[in-house]
Every structure is written in structure tokens, then in C-alpha cells.
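K.L.:
One structure is given below, represented as C-alpha cells, and several questions about it will come after.
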Amino acid sequence: MVPYLHEQAHLSITQAASVLSLSTVLALTNLAWSYVADKFTPRRCMIVAMLGAAGIVLSLVRVDSLLSAYVFGVLWGIVSSSQVLIYMLLPHYFGQSSYGTIAGALRPFEAGGLGLGQSLGAVLYDVTGSYAGLIVVAIGAHLLAALLMFLARYPVPK
53 MVPYLHEQAH
63 LSITQAASVL
73 SLSTVLALTN
83 LAWSYVADKF
93 TPRRCMIVAM
103 LGAAGIVLSL
113 VRVDSLLSAY
123 VFGVLWGIVS
133 SSQVLIYMLL
143 PHYFGQSSYG
153 TIAGALRPFE
163 AGGLGLGQSL
173 GAVLYDVTGS
183 YAGLIVVAIG
193 AHLLAALLMF
203 LARYPVPK
């Protein structure tokens, strides 16, 4: 986010880092996601979060000032804190007795994906000289996640 905002939106490194810091602090909104998911189901909230994330990533190409960068940072912080929904969904699909095993098995993939995504993103930018490919991949991944979540129905107890 910082290199993109610096190069594309012409923000200073300090300003771009402050946008990233703001979106990181907004990870606290996972408490709000938890509350809303109790009212509307974690599955529906996850679909909304993934569609919202796709739209917010798309809006990144319109960021051209400090104000629009902060708006992006706030919105991104809110949707990216929705990761708590994954852990709310696990017992619905796999049961309470399997929760610890499934959550533990997911964690290395999450951590690996975070590291791999950063590295592959940097390589893609170096190869193409543009952030366009990264933005398209991010939008596509969020839309695919929303579609898969839409198709994944809660199991019916026997």
C-alpha cells in the first residue's frame, strides 16, 4: 500500500505510511464484524466483506489525494478486519469438535499467504512495471471468495 500510494497517488512516504497505520488500527473493527455476524450470520457478512473489499480495491485506482487515501484506508481497514468471520464460520461447517484442528490447520496457510502475497506482488510489479496486474488479481480473488462463500451452504444436521 505504501509504495502504491507514494508512486501513484503522489503522497509522501510518511503520508502513505499513516494511511497504512490507520487501516491497521481499524483492525479493531473485528469486534463490530463479530456483533453484526451474530445478527446476520457470518456467511452473509463474509460475502458482503469480500464484495466490499473488491470494490475498495477497485477504488484504489481513484486515490489521488491525501483525503481520498484516508477514505480508502478507513474502508480497507474495516473490510480487512473481517478475518474474524472465518473463525466464526468454522464451527458452522465443521462442528465444534473439529474447530481447534481446522483452525490450527488454516493458520500456516494464512501466514504463508500473507508472506507469499507480498513477495509475488513485488515480483509482478517488477516484471510488469505496473500495479494494474496486482489490482486485477486482488479484485478477482475477492470476487471469487464471495462467489464460493455464496455457494457454500451450511450443512444440514442429520
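In this note's numbering, the protein residues as written are 53 to 210. Every residue, glycine too, gets a C-beta built ideally from N, C-alpha and C.
#1: To the nearest angstrom, report how far apart T153 and Q135 are at their CA atoms.
#2: Quick one: complete alpha helix (DSSP H) runs, 4+ long, within the segment 77 to 149?
#3: Going by Cα to Cα distance, which pick from Y206, I187, P207 and L200 is closest to A106?
#4: Quick check on this structure: which residue in F161, A174 and H194 has the alpha carbon closest to the alpha carbon of V214?
#5: From the DSSP output, in three-state form, read off A61 for me.
#6: State buried or exposed for V131, treating a residue as buried only when at least 16 other CB atoms are found within 10 Å of its CB.
#7: DSSP three-state call for G173: helix, strand or coil?
#8: Using a beta-carbon distance below 7 Å, is A157 in contact with chain B?
#9: Tell me whether N82, by its Cβ, gets closer than 6 Å to a heavy atom of the ligand COA.
#10: Need the endpoints of the alpha helix (DSSP H) that M201 sits in, please.
#11: Using only CA atoms, which one of G129, F146 and G156 lies nearest to P209?
#12: Helix, strand or coil for P207? Go by DSSP, reduced to three states.
#13: Excluding five sequence neighbours on each side, which residues of the same chain lie with their C-beta closer than 7 Å to the C-beta of Y122?
#14: Are there 16 or more other CB atoms within 10 angstroms of the CB of H62, so buried, or fewer, so exposed?
#15: State the CB to CB distance for the pair G129 and V88, rounded to an integer number of angstroms; the pair is presumed to be in contact (CB under 8 Å).
P.N.:
By the coordinates alone:
#1: One alpha carbon belongs to T153, the other to Q135, and they sit about 18 Å apart.
#2: With a minimum length of 4 residues, the unbroken runs of alpha helix (DSSP H) contained wholly in the segment 77 to 149 fall at 82 to 92, 94 to 111, 118 to 132 and 136 to 146.
#3: It is I187 whose Cα lies nearest to the Cα of A106.
#4: Here the chain covers residues 53 to 210 and nothing more, so residue 214 does not appear.
#5: Coil.
#6: So V131 counts as buried.
#7: Looking at G173 - three-state DSSP - the assignment turns out to be helix.
#8: The structure shown has no chain B; it contains just one protein chain.
#9: Of ligands this structure carries none, so the ligand COA is not represented either.
#10: Counting along the chain, the alpha helix (DSSP H) containing M201 begins and ends at A184 to L203.
#11: For the set G129, F146 and G156, the Cα lying nearest the Cα of P209 is the one of F146.
#12: Taken through DSSP and simplified to helix, strand or coil, P207 comes out as coil.
#13: Excluding residues up to 5 positions away in sequence, V71 and L74 lie with their Cβ nearer than 7 Å to the Cβ of Y122 in the same chain.
#14: Exposed: under 16 other Cβ atoms inside 10 Å.
#15: No, G129 and V88 are not in contact; Cβ-Cβ is about 16 Å, not under 8 Å.
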